[in-house]
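The structure appears below as structure tokens.
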Amino acid sequence: MRRRGLDFRRPVRKRFPNVVWWTVCGILVLVLIVVLSRGGQTESKPTISRKPYRRDRIMEGVTVTDEMLSSNSVTRQLTDQISLAKAFVVIAKESNNLQFAWELSAQIRNSQALLSNAATRRTPLTVGESETAIRDMALLLYQAQQLHYDSATMLMRLRAKIQTLEEQMSSANEKSSKYGQIAAEEVPKSLYCLGVRLTTEWFGNPNLQKKHRERKQMDAKLKDNSMYHFCIFSDNILASSVVVNSTALNSKNPDKIVFHLVTDEINYAAMKAWFTVNSFRGVAVEVQKFEDFKWLNASYVPVLKQLQDSETQSYYFSGHNDDGRTPIKFRNPKYLSMLNHLRFYIPEVYPALKKVVFLDDDIVVQKDLSGLFSIDLNGNVNGAVETCMETFHRYHKYLNYSHPLIRSHFDPDACGWAFGMNVFDLVAWRKRNVTGIYHYWQERNVDRTLWKLGTLPPGLLTFYGLTEALDPSWHVLGLGYTNVDSQLIEKGAVLHFNGNSKPWLKIGIEKYKPLWEKYVDYSHPLLQQCNFH
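Residue numbers (this note's numbering): 15 to 547.
Printed below as a string of structure tokens:
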């Protein structure tokens, strides 16, 4: 046989070197050793019995959950029928079809009994034992549809029912608000009695009037700017007394405290009698009536000018000119009271003073307040606690930002603050003519389009950019309408019962009343005669 030429011979295959084969064999041996070692470790581990899950334990007898999820489950079918039947029972009762409602209720009880028995014995319902109940319920549900108790009708009726309930709730809330407002505005008989008895005592006891004149002549403190000056504008004798008494009892230097109290003509004699008869650890108390301020007239004060307007009088005192669309709280005549608006005229009321702390009559003092007079207001006029945290609000909650004047002058997210405990720098006040700013905004709100409620909105406008934020512990709010953190109450220097639930009223919040009542001397003869408890 002829051999191929050299070029046509089959090429000889090159074999791997011996080193490569030994390497591959070594790797295989190592893998085998690792596998065997892991197997040995697994076998050497003690067997740990895994605790069955709670669901596993439930499933020992019957798994109700799985049965309910099954599309063929008779339990699920019965449950769905019961839910639908309950809705039809409500509609049948509303349609005065009491016989049908009774039949549905009876069948619901039968189906529920079947489900209860199955759950007790821990075995699923069978088709045989549930067939009759399912068929009977299906017939009743079909009958309900024939009576137009179908889904569309049911939804329509339920919507109508919801709307009716919402209207009833709205009406109840409105009545509650109205009655609460009336209760808050009414003067309790005991307070009225106290005012009458003190007035009688004042005019019937010349010695009392003489004592008052002597005390007033001796009080050089009234214009001394080294004293701690506080002002209250109130017609409530007992509330004002609590403010003075709590401040005095918690003060480190009560003899340096001066209270300037302004009231009205009706309560003037009673106020003078009360603060002449009682002493408060050396605290000086000056009582005035705003009717004596000759500069306080309609030509100077916008609020007094507005009171002469028949539309304003109708809005606040009749309440019939807008078919009740405006909530009653916006119509409270107290918001036109000069005792409320006098806070914007403090430099005129006390021309000799440089710094004053303004206090509302619904507060109680728990700490020494002398530190307020050393706070640097950084050139601002008003020192106040901001209230834009949590449930309290920013400017857009108080003002009408659809009005171009408000929208163009004030940041809607500016932080609000509270009246009730305010430090006023009267020197800066006079320099910046803050009362003039107040007049400007009050005159532009004759039609109540800038704001509706109270003295806080005009205060926010008046002191915009002129307010220094104080530490929140100086002034704790909300004790007259909501729950307040007990730690905040404990740390608070001034507690404010803002809201309708004043502590001297029956509608006051019971758990907060003791904070106020501990500064009332219920053993006082006049309080006992007027049945204060």
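Ideal Cβ placement from N, Cα and C applies to all residues, glycine included.
- Residue range 141 to 160 is occupied by the alpha helix (DSSP H) that includes E145.
- For H274, the enclosing beta strand (DSSP E) starts and ends at 271 to 277.
- In the DSSP assignment, N436 falls within the beta strand (DSSP E) that extends over 435 to 439.
- N512 and A398 have their C-alpha atoms some 15 Å from each other.
- Residue environment for D374: buried (at least 16 other C-beta atoms within 10 angstroms of its C-beta).
- V317 and N545 have their C-alpha atoms roughly 37 Å apart.
- With a 10 Å radius around the Cβ and a threshold of 16 neighbouring Cβ atoms, E482 comes out buried.
- Cβ atoms of L367 and F304 stay farther apart than 8 Å, at about 17 Å.
- By the 16-neighbour rule on beta-carbons within 10 angstroms, M285 is buried.
- Around the C-beta of Y412, 16 or more other C-beta atoms lie within 10 Å, and the residue is accordingly described as buried.
- Bridge partners of V508 according to DSSP: V379, H489.
- Between the stretch 290 to 306 and the stretch 241 to 261, the count of Cβ pairs shorter than 8 Å is three or higher; the stretches touch.
- Distance from the CA atom of H243 to the CA atom of T290, rounded to whole angstroms, is 19 Å.
- For the stretch 431 to 477, the continuous alpha helix (DSSP H) assignments of 4+ residues that do not extend past its boundaries occur at 440 to 446, 448 to 457, 470 to 476, in sequence order.
- Distances from the CA of F273 to each of A186, E143, K237 were compared; the closest alpha carbon is that of K237.
- The beta carbon of L491 sits closer than 6 Å to the beta carbons of A432, H510, N512 from its chain, once the five residues preceding and following it are set aside; these are given in chain order.
- Look at the beta carbons and you see the stretch 93 to 102 touching the stretch 115 to 127: at least three pairs across the two are nearer than 8 Å.
- The beta carbon of E400 sits closer than 6 Å to the beta carbons of C429, W431, A483 from its chain, once the five residues preceding and following it are set aside; these are given in chain order.
- Comparing alpha carbon positions, the residue from S254, N281, I251, M241 closest to N267 is M241.
- If you check the CB distance, N497 and Q380 do not come in under 8 Å.
- Bounds of the beta strand (DSSP E) holding L373 are 369 to 373.
- Where I96 is concerned, the enclosing alpha helix (DSSP H) starts and stops at 88 to 108.
- Distance from the CA atom of R444 to the CA atom of H355, rounded to whole angstroms, is 17 Å.
- Contact check for Y495 against P472 fails: the beta carbons are separated by 8 Å or more.
- In this structure, P426 is the residue among P426, R421, N239 with its C-alpha nearest to the C-alpha of C402.
- I420 counts as buried, since at least 16 other C-beta atoms from the protein chains shown sit within 10 angstroms of its C-beta.
- Annotation: the continuous alpha helix (DSSP H) that includes T134 extends over 112 to 135.
- Following the DSSP letters along the chain, one finds G218 inside the alpha helix (DSSP H) bounded by residues 203 to 218.
- No Cβ-Cβ contact shorter than 8 Å links S144 with L154.
- Going by beta carbons, V363 and V301 fall outside the 8 Å limit.
- Excluding its 5 nearest sequence neighbours in each direction, N414 has C-beta neighbours in its own chain below 7 Å: I420, T463, L464, W465, listed in chain order.
- If you compare the alpha carbons of D390, T469, V460 with that of A442, the shortest gap goes to D390.
- Assignment of beta-bridge partners to F244 by DSSP yields F273, V371.
- Assigned with DSSP and collapsed to three states, N221 falls in helix.
- The criterion of a C-beta distance shorter than 8 Å is not satisfied by R229 and L540.
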